[in-house]
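There are 2 protein chains.
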Amino acid sequence: ETSLVEKSINSIRFLAIDAVEKANSGHPGLPMGCAPMGHILYDEVMRYNPKNPYWFNRDRFVLSAGHGCMLQYALLHLAGYDSVKEEDLKSFRQWGSKTPGHPENFETPGVEVTTGPLGQGVANAVGLALAEKHLAARFNKPDNEIIDHYTYVILGDGCQMEGIANEACSLAGHWGLGKLIAFYDDNHISIDGDTEIAFTESVDKRFEGLGWHIIWVKNGNTGYDDIRAAIKEAKAVKDKPTLIKVTTTIGYGSPNKANSYSVHGKDVKKHWSRHVPEGASLEAEWNAKFTEYEKKYKEEAAEFKSIISGELPAGWEKALPAYTLESPADATRNLSQQCLNALAKVLPGLLGGSADLASSNMTLLKMFGDFQKDTPEERNVRFGVREHGMGAICNGIALHSPGLIPYCATFFVFTDYMRAAIRISALCEAGVIYVMTHDSIGLGEDGPTHQPIEHLASFRAMPNILMLRPADGNETAGAYKGGYVISDNSSGNKPDVILIGTGSELEIAAKAGEELRKEGKAVRVVSFVSWELFDEQSDAYKESVLPAAVSARVSIEAGSTFGWEKIVGSKGKAIGIDRFGASAPAGRIYKEFGITAEAVVAAAKELL
Amino acid sequence: ETSLVEKSINSIRFLAIDAVEKANSGHPGLPMGCAPMGHILYDEVMRYNPKNPYWFNRDRFVLSAGHGCMLQYALLHLAGYDSVKEEDLKSFRQWGSKTPGHPENFETPGVEVTTGPLGQGVANAVGLALAEKHLAARFNKPDNEIIDHYTYVILGDGCQMEGIANEACSLAGHWGLGKLIAFYDDNHISIDGDTEIAFTESVDKRFEGLGWHIIWVKNGNTGYDDIRAAIKEAKAVKDKPTLIKVTTTIGYGSPNKANSYSVHGKDVKKHWSRHVPEGASLEAEWNAKFTEYEKKYKEEAAEFKSIISGELPAGWEKALPAYTLESPADATRNLSQQCLNALAKVLPGLLGGSADLASSNMTLLKMFGDFQKDTPEERNVRFGVREHGMGAICNGIALHSPGLIPYCATFFVFTDYMRAAIRISALCEAGVIYVMTHDSIGLGEDGPTHQPIEHLASFRAMPNILMLRPADGNETAGAYKGGYVISDNSSGNKPDVILIGTGSELEIAAKAGEELRKEGKAVRVVSFVSWELFDEQSDAYKESVLPAAVSARVSIEAGSTFGWEKIVGSKGKAIGIDRFGASAPAGRIYKEFGITAEAVVAAAKELL
Ligand SMILES: [Ca+2]
Ligand SMILES: [Ca+2]
């Protein structure tokens, strides 16, 4: 048996070396050093079903040190996942392959999250473990614990140095995520060399401070039993996450060809072959358990199925509030809270919170309490002032189950703190909802450090993001075409000028329109709530809103004008702010910066 | 005396309360709770000259919890700084005032750095302390220690939760910044309420792990002597930064009007009035010391004066390499290293490094060693994988002395991790150099997590940033007009088409130009290395490069096309990438994504 373990571990190393050699690119060091933990996890510890990577109750594994992805590909291959066949290993890092240069959940079933940008994977793992704890508390019954899995993560020195890892691990400790088990690959090496040059802190003490249980495996290269014992100990500690510091030698093994996969591959494959039938059994057992559950707990089962499947309850959209002209005007953040609270009633998977700005972002779900260590069934998550960690934790929650819909919030300007996580949301199709309030100089006295300028443009440029900047309640509840005419006095003729506004500035555009109409102009006012949605409309629809024949166009938005040439054309005028903001009451700043109806009127007249 | 201290502390509280009440906006809680530390620092401990806020050897103070800025304004006012007079306090948070809603170094002399976005201030303080340690090691002599000051910082729970604070504090411990003294305002409150809901870690243990000296002042409300003793102890610990955890009650004091500033103002002002003459003496003493230094250490003094003044040595620009057509082609990151190394010889204040990618970013200064705890005179800074901390530390270095020119580096995509710090660089005019390599899908196999797409656009939209995307050695050394014609066969006539490229894609544009010329077209090829610089040119110059009469324009850039309509016009075509990248060899991705000369030729023909 030991000999087979050795063979298997060496096979993992060889699969990594061979793939990297063939691609002439990639990182064999981590897969070699971490092959023992990888082997023990996938061959001895983890519960999964290779033929159904999406089986709900599987243990989750995250390779936070994503550059070592050949470790994960080798393990998925040995375990029998269809996503990583021999030819996939051979096309490592090639166009169209299932084995890209960093793990991507949307390319490779069996990969839970997309990693590579350091520190984010461990934060995703915190999200996965949060999801498990939350769902278990909500749905498990004393006689039927249908939710019961662990979340494992391997992170390296690079992840440990990133601030986001500290943010997320502080929350994991606070929440007491006892089923989160992290392996810290302590190999004293990062890209620039020995960690002595930049990383001499005591990680153990820091994690002790963060409320984690710490275990040190001193010989991670060959101390297989120590690794096994550490996992056992970690599982026994139920109220704290565990960090297993595994001291390894990067590239350990450098095995000679005598031990290579081609020599021992047959034995190793035979050894691993049991995982396919075992996985099928695990899932079958669980399915039987769920059938029992469904019989006994109908209502809960229906909710739970919606969370597993991602199918929203029929008619959920009817819960969205609708507003009329008589509805009282209100800040969109308050309207947003109405929407969130209405949706929480019909969407069992909606949960989330703010980075210490709940009462400013208006994100509290009033019918629920706080998700905390001892109240994990609740749905208001308190992230503290940890925007980056918040985003990545939400990515983990979203990718845990198709029906979990996390939202998170802060001031729009602080998307700068979490942009790397938002980008991963967009890339990996996580579907996280970002509620970003205080979206312009309109926040006034807090001044330029708190006033977004370039942020609308910078997200319009990011692929795969759907951004809405609503102007009222109905736009907050849903904006389906991105841009539409809100008023037009041209009586079906060509308007003289089109005024385009978004968010709070739509009102300014409307006011300017009234002024111009008083002077006899035919004016169309367009709300441009979402560029991405408008882009998706038919050419005919676009032409109906922004006729090509009308080149006199004025846009107004309290943000960078960058990009607006696309909408207003080279003959139009974009009114906006191409400098940093200032500290003063909002009205004064709008006036000083020329974000006014007068400015729109003047610009329109210049074009007429 | 004790009574005067009480009066002074209460005056600080009242100044804050009054200002917040008048502005009807702002945060009095921190100034009230931290008034004792503030008083002791500015009245008893710190060395500064109110009439010259830029005196080189002053102690530096950073309010990392920037929302409490009235504390700092009150202290600057009492100390006699001209920047915060009574009328400035009365115009707190108003248009054009010297007392904006968060501290801004560019508005208020006496404020060292711009804070507000949490966690960044303490990282700035690490940069300030690094600068002191570095300059002291380089210039101090056994008989004349002309550089000798402390860096003090107050941070709150919010700052402590932010990952960037952990990054920077880990480095501060690693570097042994013994003259950095941080006060942690431990008041158990953040915006969402009690820190119990999201922040229950042991900060003490974490900082012990980070290699700091820890002192706990249990009664920060009235334990003045404990605060004094803590500072004394902190100064005695020379090889570690110190965290003084000061447990306070937010809003402590709520003093009644009987203790208000209007009642005791005269006494308090009299008490503080000594700081103006004392400050003048401190500076005069130091000037005398420097005169001695200059006599004895001519060469060092000349370098040091350049660092103090920010005046660059005459002819420094001649050190920049110049390239000819015969120069071997090379990656711009290698050319960048040649520039950095050439500049390091002539600019005494140039120092910096990379976030663990020195050998990829090519940022090592070959004639220097590493800045480390025991070799602080060296100039290669090893930041580890801490992009956000790196940016904010560089802001601190830059703002320490006008002649310090920090640079820092990572892959361009990871600007997402440090965008909040880059924004502060831009806002506060710090002049940090960001060397961002691997700027497109061209990095190939690492895949979409590592390939920037929207990043060029997102920085073009950010105010006050000068971004250059050089295509060759000379553009790397300097690009003075932003855009210019690199070839044109129209013989002074109107070209049929203008092809515009940046960075690596300029070569593609040039190649396409050759193809089109073979077919008899008059083609102009334009290098568009910097949008911001081009924008600054005269209309005549712009017209000479991009004549309005030529509407057939094709741009090519391996990034988002967002914003390019401004350059190519509504009749032109922007070739770029509006999706995420992919993992494959670079050539293949360029081809698959249509970033090719063929695509440029085809687009040009469509327009002709
Ligand atoms: Ca490592
Ligand atoms: Ca606090």
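Protein chains in written order, with this note's numbering: chain F, 15 to 622; chain Y, 15 to 622.
Using N, Cα and C, we set each Cβ at its ideal position, and we do this for glycine too.
Paired residues, beta bridge with residue i - DSSP
{"i": "I258 (chain Y)", "result": "Y:F197 and Y:I229"}
{"i": "C422 (chain F)", "result": "F:G367 and F:Y448"}
{"i": "L513 (chain F)", "result": "F:V539 and F:V568"}
{"i": "F382 (chain F)", "result": "Paired residue(s): none; F382 (chain F) is not in a bridge."}
{"i": "D553 (chain Y)", "result": "Looking at the DSSP assignment, D553 (chain Y) forms no beta bridge with any residue, so it has no partner."}
{"i": "Y166 (chain Y)", "result": "Y:F75 and Y:I195"}
{"i": "K587 (chain F)", "result": "F:V568"}
{"i": "S204 (chain Y)", "result": "Y:G207"}
{"i": "R396 (chain Y)", "result": "Y:S368"}
{"i": "T389 (chain F)", "result": "F:Q386"}
Check whether residue i and residue j have beta carbons under 8 angstroms apart
{"i": "R437 (chain F)", "j": "M476 (chain F)", "result": "yes"}
{"i": "P114 (chain F)", "j": "R107 (chain F)", "result": "yes"}
{"i": "G267 (chain Y)", "j": "A49 (chain Y)", "result": "yes"}
{"i": "L513 (chain F)", "j": "G527 (chain F)", "result": "yes"}
{"i": "T262 (chain F)", "j": "W226 (chain F)", "result": "no"}
{"i": "A79 (chain Y)", "j": "A137 (chain Y)", "result": "no"}
{"i": "G265 (chain Y)", "j": "M46 (chain Y)", "result": "yes"}
{"i": "G177 (chain F)", "j": "N180 (chain Y)", "result": "yes"}
{"i": "I411 (chain Y)", "j": "A145 (chain Y)", "result": "yes"}
{"i": "E313 (chain Y)", "j": "P362 (chain Y)", "result": "no"}
{"i": "L365 (chain F)", "j": "P327 (chain F)", "result": "no"}
{"i": "A596 (chain Y)", "j": "I603 (chain Y)", "result": "yes"}
{"i": "G573 (chain F)", "j": "L470 (chain F)", "result": "yes"}
{"i": "M450 (chain F)", "j": "A491 (chain F)", "result": "no"}
{"i": "L354 (chain F)", "j": "L379 (chain F)", "result": "yes"}
{"i": "E571 (chain F)", "j": "E521 (chain F)", "result": "no"}
{"i": "E307 (chain Y)", "j": "A294 (chain Y)", "result": "The sequence as given places Tyr at residue 307 (chain Y); Glu does not occur at that position. Cβ atoms of Y307 (chain Y) and A294 (chain Y): not closer than 8 angstroms."}
{"i": "R474 (chain Y)", "j": "G577 (chain Y)", "result": "yes"}
8 angstroms contact criterion, which residue i and residue j should meet: CB distance rounded
{"i": "A248 (chain F)", "j": "I258 (chain F)", "result": "6 angstroms"}
{"i": "P561 (chain Y)", "j": "K508 (chain Y)", "result": "7 angstroms"}
{"i": "T629 (chain Y)", "j": "A588 (chain Y)", "result": "Residue 629 (chain Y) falls outside the range modelled here, since chain Y spans only 15 to 622, and no answer is possible."}
{"i": "L621 (chain F)", "j": "V568 (chain F)", "result": "7 angstroms"}
{"i": "R483 (chain Y)", "j": "G223 (chain F)", "result": "About 43 angstroms; that fails the 8 angstroms criterion."}
{"i": "H148 (chain Y)", "j": "F304 (chain Y)", "result": "That pair is no contact at about 18 angstroms."}
{"i": "P390 (chain F)", "j": "A617 (chain F)", "result": "Going by Cβ atoms, the distance from P390 (chain F) to A617 (chain F) rounds to 54 angstroms, so no, they are not a contact pair."}
{"i": "H141 (chain Y)", "j": "C442 (chain Y)", "result": "In the sequence under discussion, the amino acid at residue 141 (chain Y) is Gly, which differs from the His named in the question. At roughly 12 angstroms, the Cβ-Cβ gap does not stay under 8 angstroms, so G141 (chain Y) and C442 (chain Y) are not in contact."}
Contact list for residue i against chain A, beta-carbon separation under 7 angstroms
{"i": "H402 (chain F)", "result": "No chain A appears in this structure, whose protein chains are F and Y."}
task = Go through the region 127 to 161 of chain Y residue by residue and report every complete run of the alpha helix (DSSP H) that reaches 4 residues or more, in order.
result = If we require 4 residues or more, the alpha helix (DSSP H) runs fully inside the region 127 to 161 of chain Y come out as 134 to 153.
query = So does the region 490 to 500 of chain Y actually touch the region 538 to 556 of chain Y, counting three or more Cβ pairs closer than 8 angstroms?
reply = yes
request  = Can you check the region 53 to 126 of chain Y for any alpha helix (DSSP H) of at least 4 residues that lies completely inside it and give the ranges in chain order?
outcome  = 83 to 93 and 100 to 104
Length at least 3, wholly inside the region 247 to 333 of chain F: the beta strand (DSSP E) runs in chain order = 256 to 261
ask   = Are the region 395 to 412 of chain Y and the region 364 to 382 of chain Y touching by the rule of at least three beta carbon pairs closer than 8 angstroms?
value = yes
Continuous beta strand (DSSP E) assignments of at least 3 residues falling wholly in the region 480 to 529 of chain Y = 498 to 502 and 511 to 515
message = Below 8 angstroms, how does it come out for the region 56 to 64 of chain F and the region 281 to 295 of chain F: are there three or more Cβ pairs, yes or no?
response = yes
key: the region 185 to 202 of chain F in contact with the region 181 to 195 of chain Y per 3-pair CB rule at 8 angstroms   = no
ask   = Do the region 199 to 206 of chain Y and the region 153 to 162 of chain Y touch if we need at least three Cβ pairs shorter than 8 angstroms?
value = no
query = Given 8 angstroms as the limit, is there contact between the region 31 to 44 of chain Y and the region 211 to 218 of chain Y, that is, 3 or more CB pairs closer than that?
reply = no
ask   = Any contact of the region 74 to 92 of chain F with the region 162 to 176 of chain F, i.e. 3+ C-beta pairs under 8 angstroms?
value = yes
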